Amino acid sequence: MNVVIAYLETMFSSYPQTPRLLEAKAELQTMMEDAYSSLIAEGSTQNEAVGKVITDFGNLDEVAPALGITAEIAPADATSMNLASGAAAPALAAGAWVATQPPVTMKEAEGFAGAHRNTRYRLGAGVAFCVMSPIPLLLLLNTAAMHDSPVDSGASVVAGTVLLLFVAAGGVVLLAGISKNFTPFARLRGGNFGPNPSVTDWAAELAQTHERRRFTALTLAVLLWALSPVPPLVVTYLPETANQGSWIIGSTALTLLLVAAGLLVALPATWARSVANTINRANLRDR
163 MNVVIAYLET MFSSYPQTPR LLEAKAELQT MMEDAYSSLI AEGSTQNEAV GKVITDFGNL
223 DEVAPALGIT AEIAPADATS MNLASGAAAP ALAAGAWVAT QPPVTMKEAE GFAGAHRNTR
283 YRLGAGVAFC VMSPIPLLLL LNTAAMHDSP VDSGASVVAG TVLLLFVAAG GVVLLAGISK
343 NFTPFARLRG GNFGPNPSVT DWAAELAQTH ERRRFTALTL AVLLWALSPV PPLVVTYLPE
403 TANQGSWIIG STALTLLLVA AGLLVALPAT WARSVANTIN RANLRDR
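Start counting the sequence shown at 163; every next residue gets the next number (my numbering).
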């Protein structure tokens, strides 16, 4: 219960301690204590009761109309839960559940999952672009290495290097653009939150729903990665020809393409499992 009280203090910490707000805080504390006691009486664990109480009463904007303090909190430019501050809640006495951070809320978890879902293809493409970036250079070198090729090797190196940088830069831009989608969820990515059983169950169900697709994608990706060394191996055992160097360069480019294709298939399919693993951190720390 101390965690709930500490969380309540955090909710009101951004607002002036006026008599009306102090009265409203006392009213909300009574409501939270009653709800906590009822949940315990119904057989909930302390962990479950704390998570449920904070989920139901932990957003000051939502409970303000019932408390009659909508006008008092409206001018404050801060969220009711002060998530950005990552303020730590005191631990309970020895032997009780320990929480150093406010529990994750369902709203946070759903937003975090949405950010993963919306950026999953960008993640795969960004990593794949970085892996494929040497391919233009290899292909131009391949063309220059061919027998009686009119392409100058020096020009091929310059043009290929420029294309390499462009492709790599495209991958970096895609990956860098992902970070802004996760800015509101910095405390989740940093693990600065406590467990919430209902959210944990929701995240586990989300991962299970997408598990078949993830397994299929990973199977295909592993197949592509397993095949990636084949082109250079085949070229190694072929009879030597005048264009042997060209074949080696081309097979290397094909290897990179297979590796990139595997990443492009695998990474977008792991978003739901990544969400579940992140949400489950708090439970692992609590054991």
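Built from N, CA and C at the ideal position, the CB exists for glycine as well.
In this text, all values refer to a predicted model and were calculated from it rather than measured experimentally.
For residue i, count neighbouring Cβ atoms within 10 angstroms of its own Cβ and tell me buried if that reaches 16, exposed if not.
i	result
Val384	exposed
Val166	buried
Ser114	Here the chain has residues from 163 to 449 only, and residue 114 is not among them.
Phe355	buried
Pro181	exposed
Ser338	Just to set this straight, residue 338 is Ala in the shown sequence, not Ser. Counting Cβ neighbours within 10 Å, Ala338 comes out exposed, since fewer than 16 surround it.
Ala186	buried
Lys342	exposed
Phe274	buried
Leu400	exposed
Asn280	exposed
Glu270	buried
Ala369	buried
Thr172	buried
Ala238	Model confidence at Ala238 stands at a pLDDT of 42, short of 50, so the residue's coordinates are unreliable and nothing is read from them.
Thr207	exposed
Pro227	exposed
Phe219	buried
Gly205	exposed
Leu184	exposed
Thr362	buried
In the DSSP assignment, the alpha helix (DSSP H) including residue i goes from what residue to what residue?
i	result
Ile441	433-441
Thr232	232-235
If contacts are defined as beta-carbon pairs under 8 Å, then residue i and residue j qualify, I think. What distance do you get, rounded to the angstrom?
i	j	result
Phe347	Ala277	6 Å
Ile216	Pro264	7 Å
Ala388	Ala290	At roughly 18 Å, the Cβ-Cβ gap does not stay under 8 Å, so Ala388 and Ala290 are not in contact.
Val212	Leu190	The pair is not a contact, with the Cβ atoms about 15 Å apart (cut-off 8 Å).
Val334	Leu425	No, Val334 and Leu425 are not in contact; Cβ-Cβ is about 15 Å, not under 8 Å.
Ser436	Asn304	The Cβ separation is near 38 Å, so there is no contact.
Thr440	Leu350	6 Å
Asn221	Pro357	That belief does not hold up - the Cβ atoms of Asn221 and Pro357 are roughly 18 Å apart, past 8 Å.
Leu299	Thr267	Not a contact, Cβ separation roughly 49 Å.
Leu229	Ala287	No, Leu229 and Ala287 are not in contact; Cβ-Cβ is about 48 Å, not under 8 Å.
What would DSSP say about residue i, mapped onto helix, strand or coil?
i	result
Leu170	helix
Leu254	Note on Leu254: pLDDT 38, under 50, position unreliable in the model; the coordinate value appears next. Note: Leu254 maps to coil in three-state DSSP.
Ala238	Confidence in Ala238 is poor, its pLDDT being 42 and thus under 50, which makes the residue's placement unreliable; the coordinate value appears in the next sentence. Coil at Ala238, not helix or strand.
Arg449	Summary for Arg449: the model assigns pLDDT 49, below 50, so the residue's position carries little reliability; its value from the coordinates is reported in the next sentence. Three-state result, Arg449: coil.
Ala249	Because Ala249 sits at a pLDDT of 39, beneath the cut-off of 50, its placement in the model cannot be relied upon, and the following sentence gives the value as read from the coordinates. Ala249 falls in the coil class under three-state DSSP.
Thr180	coil
Going along the chain, which unbroken runs of the alpha helix (DSSP H) with 4 or more residues stay wholly within the region 365-431?
373-389, 392-399, 406-428
List in chain order: all unbroken alpha helix (DSSP H) runs of 4+ residues lying wholly within the region 188-228.
You should have 208-219.
Which runs of the beta strand (DSSP E), 3 residues or longer, sit entirely within the region 263-342?
Within the region 263-342, no complete beta strand (DSSP E) run reaches 3 residues.
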